[in-house]
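A quick write-up on the structure given underneath.
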């Protein structure tokens with residue numbers, strides 16, 4: 422299958438491209454830099470041209486501005502996340518591309534629902550969450566306007582792993598500082614379990630969705646390993662005992678930290694494979710390898 426991956430030069434995008442190629446797909450990345458197609462995600466004409474010239478069969482729409490950037494510049498966050506999503510959907514409709522998988526977020530749910538399922542009400546509390554909720558509403562409108570389109574949203578939680586360098590990086594930086602051997606690492610003492618989704622699992626959730634021509638639900642929650650930050654710190658301290666860990670009280674962006682992903686497992690066959698400890702080890706090993714190579718230069 423020929424895939425257009427918007428945001429293909431970004432964190433999740435580059436991992437998806439790698440795993441999609443391994444699975445036998447052909448990929449074309451579209452991003453604002455370092456991509457096969459360099460374009461603004463809100464430029465519908467450029468997206469249409471890419472779909473036609475590369476004979477695209479399906480779109481995976483990952484281009485986004487994350488929580489921190491959307492909060493500091495709500496106008497640009499809305500332009501990229503909301504208008505960009507509209508441009509992707511409309512480009513697909515105009516060019517006859519029937520399949521679009523787009524990244525939503527648990528931030529669209531707002532953090533007010535316990536054990537939130539796929540059909541939980543959307544009650545976003547951040548600009549980023551509002552733009553993701555808009556994307557879900559827009560997909561519903563397009564389903565009415567263009568029923569031939571198969572639009573599927575995936576709500577991701579906290580995705581971590583190699584190459585994450587943007588967005589809310591507090592937890593990723595904590596792991597990085599342990600792996601880099603800092604004398605002291607401050608860690609956010611947040612009591613609620615967090616959905617730790619390793620980036621390869623997030624990419625595999627997309628590929629599992631792609632394998633089903635018309636999923637029955639408009640949107641699916643994607644979960645990883647629900648664990649407390651203290652669990653991550655305990656594992657990091659066992660691996661890096663020389664590092665002193667210091668806790669501090671923390672408030673994180675409002676989101677539905679506690680939610681269910683039974684739909685994607687039952688209907689699309691996806692189940693996360695990477696537990697928290699393994700994900701931390703993979704990231705730490707990668708970081709140490711990168712730092713080792715840099716030291717030899």
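In this note's numbering, the protein residues as written are 422 to 718. Don't be surprised by glycine CBs; every beta carbon is placed ideally from N, CA and C.
Check: Would you call the region 641-651 and the region 560-579 in contact, with 3 or more CB pairs under 8 Å?
Finding: yes
Checklist line | Chain-order list of residues whose beta-carbon lies under 6 Å from that of residue 423 (same chain, five-residue window excluded) | finding: The sequence position of residue 423 within the chain shown is 2, counting from 1. Excluding sequence neighbours, residue 423 sits near 447, 476, 477, 478.
Next item on the list: Within the same chain, show all residues whose beta-carbon is closer than 8 Å to that of residue 495, passing over the 5 residues directly before and after it, in chain order.
Entry: Sequence index remark: in the chain shown, residue 495 carries index 74 (1-based). Result list for residue 495: 548, in chain order.
Next item on the list: Would you tell me roughly how many angstroms separate the C-alpha atoms of residue 607 and residue 648, rounded to the nearest one?
Entry: Here residue 607 refers to the residue found at position 186 of the chain shown. Here residue 648 refers to the residue found at position 227 of the chain shown. Cα to Cα, residue 607 sits roughly 18 Å from residue 648.
Next item on the list: Look at the alpha carbon of residue 618 and the alpha carbon of residue 701, and state the distance between them as a whole number of angstroms.
Entry: Counted from its first residue, the chain shown places residue 618 at position 197. Counted from its first residue, the chain shown places residue 701 at position 280. So the two alpha carbons sit approximately 11 Å from each other.
Margin query: Let's see if you can read the secondary structure: which residues bound the alpha helix (DSSP H) around residue 627?
Written below: Position 206 of the chain shown holds residue 627. From DSSP, the alpha helix (DSSP H) with residue 627 extends over 620-631.
Next item on the list: Indicate the three-state DSSP secondary structure (helix, strand or coil) for residue 501 in the structure shown.
Entry: Position 80 of the chain shown, counting from 1, holds the residue named residue 501. Here residue 501 sits in helix by DSSP.
Note to self: Less than 8 Å between the beta carbons of residue 467 and residue 449, yes or no?
What the structure shows: One-based indexing of the chain shown puts residue 467 at position 46. One-based indexing of the chain shown puts residue 449 at position 28. It is not a contact, given that the beta carbons lie outside the stated cut-off.
Next item on the list: Count the other CB atoms, across all protein chains shown, that sit within 10 Å of the CB of residue 482; report buried if there are 16 or more and exposed otherwise.
Entry: Translated into positions along the chain shown, residue 482 becomes position 61. Residue burial is scored here from C-beta neighbours: residue 482 has at least 16 other C-beta atoms within 10 angstroms and is therefore classed as buried.
Checklist line | With 16 other Cβ atoms within 10 Å as the buried cut-off, status of residue 536 | finding: Here residue 536 is taken as the residue at index 115 of the chain shown, counted from 1. Classification for residue 536: exposed.
Check: Under three-state DSSP, which class holds residue 432?
Finding: Locating residue 432 in the chain shown gives position 11, counting from the first residue. Here residue 432 sits in helix by DSSP.
Next item on the list: Report the rounded CA-to-CA distance for residue 587 versus residue 569, giving the unit in angstroms.
Entry: Reading the chain shown from its first residue, position 166 is the one you call residue 587. Reading the chain shown from its first residue, position 148 is the one you call residue 569. Using only the alpha carbons, I get a separation of about 35 Å.
Check: The alpha helix (DSSP H) with residue 547 in it runs from where to where?
Finding: For this step, residue 547 is matched to residue 126 along the chain shown. From DSSP, residue 547 is part of no alpha helix (DSSP H); its letter is neither H nor E.
Item checked: Where residue 522 falls: helix, strand or coil (DSSP) -> Counting from one through the chain shown, the residue named residue 522 turns up at place 101. Strand.
Next item on the list: For residue 458, collect the residues of the same chain with a Cβ closer than 6 Å to its Cβ; drop the 5 residues on either side in sequence, then sort them by chain order.
Entry: Start at 1 with the first residue of the chain shown, and residue 458 comes out as number 37. Around residue 458: 451, 471.
Margin query: Check whether chain B comes within 8 Å of residue 698, counting only Cβ atoms and requiring the distance to be less than that.
Written below: Looking at the structure shown, chain B is missing, and only one protein chain is on hand.
Note to self: Going by C-alpha to C-alpha distance, which of 538, 521, 520, 518 sits closest to residue 527?
What the structure shows: Along the chain shown, one-based indexing puts residue 527 at 106. Nearest option by C-alpha distance: 538.
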